[in-house]
Amino acid sequence: MTKYIFVTGGVASSLGKGIISSSLARLLQARGYSVTIQKLDPYINVDPGTLNPYEHGECYVTEDGAETDLDLGHYERFTNHATSQANNVTTGRIYQSVINKERRGEFLGKTVQVIPHITDEIKRCVLMLGKKQKYDVVITEIGGTVGDIESLPYIEAVRQLRYELGIGNTMIVHLTLVPYMSASGELKTKPTQHSVKMMLENGLQPDVLVLRSEKPLTNEVKKKVALFCNVEQDAVIESIDVKTIYEVPLKMLEQKLDIVALRKLQLDANREIDLKKWCDFVERVKNPNGEVKIALVGKYTELPDAYKSISEAFIHAGAELNIRVKLEYVNSEKITKENVVEKLGKMSGILVAPGFGHRGLEGKITSVEYARTSGVPFFGICLGMQCSVIEFARNVLGLAEANSTETAPTPVPVIDLMSEQKDITDKGGTMRLGAYKCKLEKGSNAAKAYGKTDISERHRHRYEFNNLFKEQLESAGLIATGVNPDTGLVEVVEAKGHPWFVGVQFHPEYKSTVANPHPLFVAFVEAAIKYQQTK
Ligand code: GLN
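All residue numbers for the sequence shown refer to the numbering used here, where the first residue is 62 and numbers rise by one.
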């Protein structure tokens, strides 16, 4: 039978429930258990696809094309296990589904209410993962903080599930903050006690408390928390700030979080654990053999969470090559022809990031021009690839008005809407989303990176390379080295004669994990290292 772990948070938001969930999953996996992680988000948006990255960080995309919370990226990067639409559920989706059922008359005239109809739908979404794929353990992370009005139906659903599934089949990990008062030199546990009290008022007793803290917790503190919050002392786990998030599973292992969890879930805790590769990876991240500077040119640079999967992919690629990638976020709105050398001249690689709309676009195009003409390795992702096509059309083909129709109507639409997209007016979930196949040209830098020519990558965009300009661009040296075999859509472009100039319409960053660093990121960093050596 599948066991269920619920991860809740108290006291403050952003304590890192996603990382704790991922770390616990990784440890259970290392002991041979199959685990998946799900996130329940208490907001009304049906998915985060329509959210501005400033609101909620990056929108992550799964194989099956779900636009999800960025925590799903952590789940995949830690566990190397693909997630799907079923792994991210929002209040919006829950209500949408209940309301659709009501419209179809499925409630047979009954009054539709938060309890039982909304809570039933939440329970269905949790149990579905357990039923469908036969995981040993499903970890469900509940977004938000206990005590929020929005979280109440979720907490109530967990209460019911705990009762229905029986003792030994569920567990609650509650994550809180233990603030340090420097004036008195004390760690304060009262907020944790209050937060657990609030859980108790809602009928939930946490089994494990993970306490985020700046300072190590003394035994005294742990004892006190255990006593006042009704948890065993070895189930009070500290989570202090570490150098890299990938160290968190090792910190949890030291305190036997996995053993406590297996004991609570009545699963065999004596299985061997295999974390050798993980430890080696963490060692390489912490002690690299040098550094290489890469610019990430984008418009959401004030909030690095907007590019989470990209920055993590660089950590994976760096570890693979035993080097630290020093990622410099450069705001594309501030880049002009006059200052581009000053802004990017010290970089050994330039990545032009994904994005939407016209803001910052010209700065991105100027960055591409600098990369193309100076020979510094260039990696364009999605909008970044589209910019490389616009740049080439303008500056090499001399088509000064070349542009994407996303920006403005243009007589030279080198990037244009696909015909299927032309009549779509809804914004949510209507882009080209999820995994699509791509055939790479033998001998291209992309094919060399992957070591094969048949690949599949995830997409999230509405606009496409316009094939009407393909011949012209190719004859001038911008080659379409990756094409979708079913539709003929161009997925990869490369500039002939340049050491490493690759633009991809898809998002390789979504598939980079600790176990499988993404080959394009590895190849790009390798090219950047080479460039750095010749400078
Ligand atoms: N805005 C562009 C499009 O929709 C690129 C999207 C992206 O970079 N994810 O095609």
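No residue lacks a Cβ here, since even glycine has one placed at the ideal position from N, Cα and C.
Quick one: give me the first and last residue of the beta strand (DSSP E) that residue i is part of.
| i | result |
| --- | --- |
| His235 | Thr231 to Leu238 |
| Lys354 | Glu352 to Gly359 |
| Thr151 | Asn149 to Thr151 |
| Ser428 | No beta strand (DSSP E) contains Ser428, which is instead part of the alpha helix (DSSP H) from Leu422 to Ser435. |
| Val553 | Val551 to Ala556 |
| Gln99 | Val96 to Asp102 |
| Ile301 | Val297 to Ile301 |
What's the C-alpha gap between residue i and residue j?
| i | j | result |
| --- | --- | --- |
| Ala218 | Glu225 | 10 Å |
| Val199 | Ser465 | 43 Å |
| Val282 | Val402 | 54 Å |
| Ile411 | Ala127 | 29 Å |
| Cys186 | Ser158 | 11 Å |
| Thr151 | Ile451 | 37 Å |
| Leu326 | His142 | 22 Å |
| Ile485 | Glu467 | 14 Å |
| Val107 | Ala588 | 41 Å |
| Val575 | Ser370 | 12 Å |
| Leu328 | Ser145 | 26 Å |
| Thr180 | Leu190 | 16 Å |
| Tyr524 | Asp477 | 5 Å |
| Lys285 | Ser245 | 18 Å |
| Ser536 | Gly543 | 16 Å |
| Glu167 | Gly93 | 41 Å |
| Glu13 | Thr253 | Since the first and last residues shown for the chain are 62 and 596, residue 13 lies out of range. |
| Lys596 | Gly564 | 24 Å |
| Leu278 | Glu299 | 7 Å |
| Tyr390 | Glu430 | 18 Å |
| Glu532 | Phe585 | 26 Å |
| Glu344 | Gly71 | 32 Å |
| Lys317 | Leu270 | 13 Å |
| Leu529 | Ile334 | 56 Å |
Output yes or no for whether 8 Å exceeds the beta carbon distance between residue i and residue j.
| i | j | result |
| --- | --- | --- |
| Lys347 | Lys387 | no |
| Asp102 | Gly204 | yes |
| Phe562 | Glu570 | no |
| Ile80 | Ile306 | yes |
| Ala463 | Ala454 | yes |
| Val413 | Gly441 | yes |
| Ser449 | Tyr592 | no |
| His568 | Arg521 | yes |
| His117 | Ala374 | no |
| Thr645 | Val68 | An answer regarding residue 645 cannot be provided, because it is not within the stretch 62 to 596 covered by the chain. |
| Thr231 | Val239 | no |
| Ala322 | Leu89 | yes |
| Val173 | Glu182 | no |
| Asn60 | Pro349 | There is no way to answer for residue 60, as the model of the chain reaches only from 62 to 596. |
| Leu85 | Met313 | yes |
| Leu222 | Arg273 | no |
| Val207 | Ser256 | yes |
Could you give the residue range of the alpha helix (DSSP H) that holds residue i?
| i | result |
| --- | --- |
| Lys531 | Lys531 to Ala537 |
| Gly445 | Leu444 to Asn456 |
| Tyr414 | Contrary to the premise, residue 414 reads as Ala rather than Tyr in this sequence. Note, Ala414: premise wrong, no alpha helix (DSSP H); not H, not E. |
| Gly495 | From DSSP, Gly495 is part of no alpha helix (DSSP H) but of the beta strand (DSSP E) over Arg493 to Leu501. |
| Phe582 | Pro580 to Thr595 |
| Gly476 | A quick correction: the sequence has Ile, not Gly, at residue 476. No alpha helix (DSSP H) holds Ile476; the beta strand (DSSP E) holding it covers Val473 to Leu478. |
| Gly42 | Residue 42 lies beyond the range of the chain shown here (62 to 596); nothing can be said about it. |
| Val219 | Leu213 to Leu226 |
| Phe67 | Careful: Phe67 lies outside any alpha helix (DSSP H), inside the beta strand (DSSP E) at Lys64 to Gly70. |
Would you say residue i touches ligand 1, meaning its beta carbon is less than 7 Å from a heavy atom?
| i | result |
| --- | --- |
| Gln90 | no |
| Phe417 | yes |
| Met479 | no |
| Glu570 | no |
| Arg455 | no |
| Tyr361 | no |
| Glu467 | yes |
| Gln594 | no |
| Arg420 | no |
| Arg519 | no |
| Cys682 | Past the edges of the chain, shown from 62 to 596, lies residue 682, and the structure says nothing about it. |
| His522 | yes |
| Gln447 | yes |
| Met189 | no |
| Met492 | yes |
Stretch pair the segment 508 to 518 + the segment 432 to 441: three plus CB contacts closer than 8 Å
no
Touch test, the segment 83 to 101 against the segment 257 to 268, Cβ-Cβ under 8 Å, three pairs minimum:
no
Assess, as a yes-or-no matter, whether the segment 391 to 400 is touched by the segment 421 to 428 under the definition of 3 or more beta carbon pairs within less than 8 Å.
yes
At a cut of 8 Å, does the segment 488 to 506 reach the segment 115 to 133 through at least three beta carbon pairs?
yes
Would you call the segment 357 to 364 and the segment 329 to 336 in contact, with 3 or more CB pairs under 8 Å?
no
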